[in-house]
Amino acid sequence: MHRRTPAVAGVVALILLLAAPWALAADASGRAEHTRHRAVARPVPTPTTPPKPGQAAAVPQRVTGPFGTQRTTGRKQVALTFDDGPDPVWTPKLLDQLRTAKVSATFCVIGTQVRRHPALVARIVREGHTLCNHSWRHEFNLGKLPAATIRADLVRTNREIQRAVPGAKIRYFRQPGGKWTARVVAVARELGMIPLGWDVDPRDWAKPGAKAIRTRVVQQARPGSIVLLHDGGGNRKGTLAACPTVIAALRQKYGITQLR
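Just so we're aligned: 38 in the UniProt record's numbering is position 38 of the sequence shown, and the numbers increase by one with no gaps anywhere.
Here is the structure:
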């Protein structure tokens, strides 16, 4: 019995020696698995602040329209633009309203109207508003004409504006009807003007009435909107009646800025 003890001990030692790597591997694997599950079970929370009820959406970057035209202000505040003037009946009344409200707007003027009413253009500039070239005679298909014809039209309109107001800055051009083409955009840019679009159109030119105009503007407006309205081209009684409430609503919700 005592003679077999060393042999048995040797066998046991050999078994333990062979089993040791497996035991160490299993122990390491178990620790790794435990660590992995522990990491999954205890994620680090990321603190978040929920938006407040009625909180405005993030201010959008300046949005472009067809062929890179400008459609928004690029900030929270919205801008008002008035097309097809100056008109001897409606433009003075609109200017009175804007002065009372202490709001500056952009007037997209037609060359033939500028020639007829240069004093109104001078008043627009004198009272701090921005001018925009709206073509010589509101030609809807201007953008489809040859580049040389487009250039002549825009240059003629700019010259008439500057005849009414020497040194006037004309930073914008608006294609009649929003019928933009790559050609008219390129010519406007060559002449140093930004092609100016819009993203709110209450269709006030169709004379839907003051209530409808106000409702459409307020419903369509978003942070940075450019609003299209008219001070010329027809009876603008509805537009004039809507403007005070439109201005109040937009100012309260977004603020009103001037395109410069």
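For every residue, glycine included, the Cβ atom is placed at its ideal position computed from N, Cα and C. Keep in mind that this is a model prediction, so the values were computed, not measured.
### Query
For residue 140, is the classification buried or exposed, using 16 other Cβ atoms within 10 angstroms of its Cβ as the cut-off for buried?
Classification of residue 140: exposed, given that the 10 Å Cβ count is below 16.
### Message
Do residue 91 and residue 264 have their beta-carbon atoms positioned less than 8 Å apart in this structure?
### Response
This structure gives no information on residue 264, because the portion of the chain shown stretches from 1 to 260.
### Task
Name, in chain order, the residues that DSSP records as bridge partners for residue 225.
According to DSSP, residue 225 bridges with 72.
### Task
Round the Cβ separation of residue 117 and residue 86 to the nearest angstrom and send it over; I've been treating them as touching at under 8 Å.
The beta-carbon distance between residue 117 and residue 86, rounded to whole angstroms, is 5 Å. This is short enough to meet the 8 Å contact definition.
### Task
Could you tell me which residues DSSP puts in a beta bridge with residue 278?
The structure shown has nothing for residue 278, since the chain only spans 1 to 260.
### Nearest-angstrom beta carbon gap, residue 187 and residue 69 [assumed within contact, 8 Å]
No, residue 69 and residue 187 are not in contact; Cβ-Cβ is about 13 Å, not under 8 Å.
### Message
Would the stretch 191–211 count as touching the stretch 238–256 if we require 3 or more Cβ pairs under 8 Å?
### Response
Short answer: they touch.
### Query
For residue 258, which of helix, strand or coil comes out of DSSP?
Look at residue 258 here: in three-state DSSP terms it is coil, with no helix or strand label.
#### Entry: Minimum C-alpha distance to residue 145 - residue among 200, 175, 71
Closest option to residue 145, Cα to Cα, is 175.
### Query
Relative to the C-alpha of residue 126, which residue among 62, 169, 223, 255 is closest?
Nearest of 62, 169, 223, 255 to residue 126, Cα basis: 169.
### Query
When DSSP labels each residue in this structure, what does residue 181 get in the three-state scheme?
Three-state DSSP puts residue 181 in coil, outside helix and strand.
### Query
Which one of 231, 149, 195, 64 has the shortest CA to CA distance from residue 109?
It is 231 whose Cα lies nearest to the Cα of residue 109.
### Message
Comparing C-alpha positions only, which one of 171, 162, 198 sits nearest to residue 74?
### Response
Taking only the C-alpha atoms, the option nearest residue 74 is 198.
### Message
How far does the alpha helix (DSSP H) with residue 133 in it extend, from its first residue to its last?
### Response
That residue, residue 133, is in no alpha helix (DSSP H); its beta strand (DSSP E) goes 130–133.
### residue 109, enclosing beta strand (DSSP E) - first and last residue
From DSSP, the beta strand (DSSP E) with residue 109 extends over 106–109.
### Query
With a Cβ-Cβ cutoff of 8 Å, do residue 227 and residue 79 count as a contact?
Yes. Within cutoff.
### Task
Figure out for me which residue from 98, 251, 181 has the closest Cα to the Cα of residue 222.
If we check each option's Cα against that of residue 222, 251 comes out closest.
### Task
Work out the CA separation of residue 224 and residue 254 for me, nearest whole Å.
Taking the CA atoms as reference points, residue 254 sits about 8 Å from residue 224.
### Inter-residue CB distance, residue 106 and residue 72 (contact presumed, cutoff 8 Å)
Contact flag wrong, Cβ pair sits at about 13 Å.
### Message
Between the alpha carbons of residue 54 and residue 256, how many angstroms are there, rounded?
### Response
In this prediction, residue 54 scores a pLDDT of 39, lower than 50, which makes its location untrustworthy; the coordinate-derived value is nonetheless stated afterwards. Their backbone Cα atoms lie some 20 Å apart in a straight line.
### Query
From the DSSP output, which residues share a beta bridge with residue 195?
Residue pairing by DSSP places residue 195 opposite 173 in a beta bridge.
### Message
Applying the 10 Å Cβ sphere with the 16-neighbour rule, what's the burial state of residue 100?
### Response
The residue is exposed, with fewer than 16 neighbouring Cβ atoms inside 10 Å.
### Query
What's the C-alpha gap between residue 218 and residue 246?
Within the model, the alpha-carbon separation for residue 218 versus residue 246 is close to 7 Å.
### Message
Tell me the rounded alpha-carbon separation between residue 189 and residue 258.
### Response
Rounded to whole angstroms, residue 189 to residue 258 spans 20 Å at the Cα level.
### Task
State the DSSP-derived secondary structure class of residue 57, mapped to helix, strand or coil.
Note that residue 57 scores 49 on pLDDT, short of 50, meaning its location in the model is unreliable; the coordinates nonetheless yield the value given after this. Here residue 57 sits in coil by DSSP.
### Between the CA atoms of residue 248 and residue 64 - distance to the nearest angstrom
If you take the alpha carbons of residue 64 and residue 248, they lie about 27 Å apart.
### Query
Which residues in the same chain have their Cβ closer than 7 Å to the Cβ of residue 147, if we skip the five residues on either side of it in sequence?
Correct list, in chain order: 183, 187.
### Task
Report, in whole angstroms, the separation of the C-beta atoms of residue 114 and residue 161, which I expect to be a contact under 8 Å.
6 Å between Cβ atoms; contact.
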